Structure formats: C-alpha cells, structure tokens
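Residue numbers (the working numbering): 80 to 328.
Glycine included, C-beta positions come from ideal geometry on N, C-alpha and C.
All of these numbers come straight from a predicted model, not from anything done at the bench.
This report refers to the structure that appears directly beneath it.
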Amino acid sequence: VKGSTGGGGPGPAVRVFVMGANQWRTGDRWPLPGTRSDTLYLGPPDRPSGRGRLLSAPAAGSQDRSVIHSDPAAPLADPFAGRAGAHDYRGLPGRPGLAVFETAPFTTPREIIGQVVAELAVSASVPDFDVWLQLYDVAPDGTAWNLSSPGTALLRASYRDGGPERHLVAEGEVVRLVLDRLLTANRFLPGHRLRIVISTAFFPLFSINPQTGAQEFGSAKTRSGDVRIHHSPGRLSRLILPAVPLPSH
80 VKGSTGGGGP GPAVRVFVMG ANQWRTGDRW PLPGTRSDTL YLGPPDRPSG RGRLLSAPAA
140 GSQDRSVIHS DPAAPLADPF AGRAGAHDYR GLPGRPGLAV FETAPFTTPR EIIGQVVAEL
200 AVSASVPDFD VWLQLYDVAP DGTAWNLSSP GTALLRASYR DGGPERHLVA EGEVVRLVLD
260 RLLTANRFLP GHRLRIVIST AFFPLFSINP QTGAQEFGSA KTRSGDVRIH HSPGRLSRLI
320 LPAVPLPSH
C-alpha cells in the first residue's frame with residue numbers, strides 16, 4: 080500500500096490447502112519444489128470385493144480388462160447431486176455402471192499436490208461414450224472423501240484428439256484417453272487408501288452421451304453397451320500422481 084511502513088513484502092507465489100493434513104503449503108513456483116511423478120498402474124482384482132488394484136508396476140494376470148456396462152437410459156447418478164464440497168462416497172462402489180481401483184493401505188504418510196493425469200487404454204461396443212474419473216481418500220473405517228469436484232476429469236471419446244472434429248470409436252478399437260484436468264492436494268495418512276472410480280456418467284452433471292454416435296441435442300435415441308478399461312502388459316492404463324515431499328516441521 081502506498082505510504083505503508085509496515086515492512087511487509089509480497090506473499091508466497093503459491094499457497095495450497097492440503098486436505099488430510101489440514102495445513103497450508105507454500106512455494107515459490109508451481110508445481111511445488113520437489114514434486115516428482117509417481118505412476119500407479121491399473122490392475123485386475125485379487126480380493127473378494129472384485130475391485131481392481133492400483134499398483135507400482137504392471138500386473139500380469141488372466142483378467143486383462145475391467146468392463147463397465149453403460150446404459151444412457153439408466154446413468155450412474157451422483158448421490159450428492161453435484162453439491163460442492165467434500166462428501167462421503169463410500170456407497171458408490173456398490174452401484175452398477177462403474178469400475179473401482181484402489182491401492183493397498185499406505186504404511187507411511189503420502190502427499191499428492193498438483194495435476195493428476197490418467198492415461199487409459201479403452202475400447203467399447205458403442206461408437207461414442209464418456210469417461211469420468213474421480214479420486215477418493217478411503218479411511219480405515221470405510222469413509223471415502225472426494226478429492227476434487229466431480230466433473231474435473233471428464234472426456235468424451237469422440238473428442239479424444241482435443242480438436243473440434245469428432246472421431247468415433249470403431250468396434251474393438253483400443254483408443255488412448257488422457258484425462259489431465261484434475262487438480263488436488265491431499266495427504267494420505269497411514270492406513271488410508273487411494274481409490275479411483277471410473278464411470279461413463281455422473282448424472283445430473285454434464286449431458287448424457289447417447290452412445291449412438293449422434294450428438295445428444297440432435298437425437299433422443301440411445302444405445303447401451305460395454306466400455307472396457309484395459310490393463311494388460313501391451314495395453315496399459317495408468318495414473319500419474321504429483322508426489323510432494325512431506326514438510327520437515
């Protein structure tokens with residue numbers, strides 16, 4: 080302020096609130112100093128829950144894909160109807176129309192701060208579909224808190240190339256979908272797990288893809304089908320996390 084003699088200089092260039100730790104982190108640049116990319120690979124389930132795994136290395140196994148049955152006439156609904164803020168989504172994995180992947184419980188604290196990127200190998204029995212990806216911090220008691228607002232990681236397959244032209248997906252074609260608009264800041268405490276939920280809708284957020292190849296505003300017809308998330312050695316799907324060192328104090 081002009082004429083001020085308080086001696087206060089400019090504040091930090093970056094100031095981020097870290098969920099889980101309930102602390103503010105600061106830095107002189109973005110991404111924060113010391114940020115490194117940690118990769119987790121989507122893998123098949125190995126537990127009675129049937130949920131897929133997030134692994135530090137690709138898994139070899141007989142189940143090379145996870146299948147989501149996608150029906151535009153009965154889309155997966157957000158139980159909180161898009162209300163802003165943190166909510167407990169523990170009941171979401173029991174619903175149809177999604178695939179769940181999660182880590183083993185962490186043994187030490189772990190922070191991710193910044194842009195999360197998902198690279199998915201996907202095929203489908205329909206020419207177009209949407210892919211949603213959401214992150215959750217799952218506590219030992221089963222509560223599952225969302226780590227970003229729903230809809231920040233969403234991609235329509237026909238726009239996967241990033242341009243204005245649509246490119247439909249051929250039957251059996253495996254395409255690469257990159258979801259790179261998800262930002263979060265969270266500390267996972269010991270005993271907690273990282274969970275991702277992949278779905279083809281999250282009603283009422285965004286318009287429903289009819290999955291016929293037509294645009295939803297031009298036709299009322301819909302088509303149900305299967306969307307396959309591949310996780311075989313030759314068709315890897317992975318999650319790239321911005322891991323940040325824990326503060327020393």
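With a threshold of 7 Å on Cβ separation, who are the neighbours of residue i within its own chain once the five nearest residues in sequence on each side are excluded?
i: R174; result: L155
i: Y252; result: According to the sequence shown, residue 252 is Glu rather than Tyr. Within the same chain, E252 has close Cβ partners S202.
i: A136; result: Y120
i: L325; result: P188, E190
i: R126; result: none
i: P110; result: G193, P321
i: S204; result: E250, G304, D305
Determine the direct distance from the alpha carbon of residue j to that of residue i, and round the result to whole angstroms.
i: T186; j: V306; result: 34 Å
i: Q102; j: N265; result: 10 Å
i: F208; j: T182; result: 27 Å
i: R260; j: K300; result: 30 Å
i: P312; j: I275; result: 20 Å
i: R314; j: P124; result: 17 Å
i: L43; j: T231; result: Outside the displayed span of the chain (80 to 328) sits residue 43, for which this structure offers no information.
i: E190; j: G129; result: 27 Å
i: T279; j: P89; result: 45 Å
i: R162; j: P112; result: 33 Å
i: I277; j: G176; result: 9 Å
i: L214; j: G242; result: 26 Å
i: A160; j: V95; result: 27 Å
i: N225; j: S298; result: 34 Å
i: S327; j: A223; result: 28 Å
i: L258; j: H246; result: 17 Å
Tell me which same chain residues have a C-beta within less than 6 Å of the C-beta of residue i, skipping the five on either side of it?
i: I319; result: S116, T118, V196
i: D150; result: S303
i: L256; result: L199, V201, V210, L234, R239
i: A100; result: R266
i: R104; result: V95, V97
Give every residue of the same chain whose Cβ lies closer than 8 Å to the Cβ of residue i, excluding the five residues on either side of it in the sequence, and list them in chain order.
i: V254; result: A200, V201, S202, A236, R239, V248
i: G270; result: P184, F185, A218, P219
i: R108; result: A92, V93
i: G122; result: G131, R132, L133, L134, P137, A138, G140, F180, H310
i: T114; result: I192, G193, P321, A322, V323
i: E295; result: S286, I287, N288, P289
i: F282; result: P154, L155, A156, D157
i: G170; result: P158
With the cut-off set at 7 Å, would you say residue i and residue j are in Cβ contact?
i: V93; j: G106; result: yes
i: R317; j: E198; result: yes
i: S228; j: T263; result: no
i: P172; j: G292; result: no
i: A153; j: I308; result: no
i: P188; j: L273; result: no
Less than 7 Å between CB atoms is the rule here; does residue i satisfy it with respect to chain C?
i: D125; result: The chain inventory of the structure shown lacks chain C, comprising one protein chain alone.
Practice prompt. Would you mind listing the alpha helix (DSSP H) stretches within the stretch 145-185 that are 4+ residues and don't spill past its ends, in chain order?
Written response: none
Worksheet item: Pairing CB atoms from the stretch 145-160 with CB atoms from the stretch 216-224, are three or more of them under 8 Å?
Response: no
Discussion item. Contact between the stretch 280-287 and the stretch 163-174 is defined here as three or more beta-carbon pairs at a separation below 8 Å; is this criterion met?
Written reply: no
Item to complete: Just list the beta strand (DSSP E) runs in the stretch 216-252, keeping only unbroken ones of 3 residues or longer that don't cross its boundaries, in chain order.
Response: 223-225, 233-235
Fill in: beta strand (DSSP E) segments (min. 3 residues) lying fully within the stretch 266-319
272-278, 304-309
Item to complete: Please specify which runs of the beta strand (DSSP E), each continuous and at least 3 residues long, are wholly inside the stretch 191-217, giving them in chain order.
Response: 209-217
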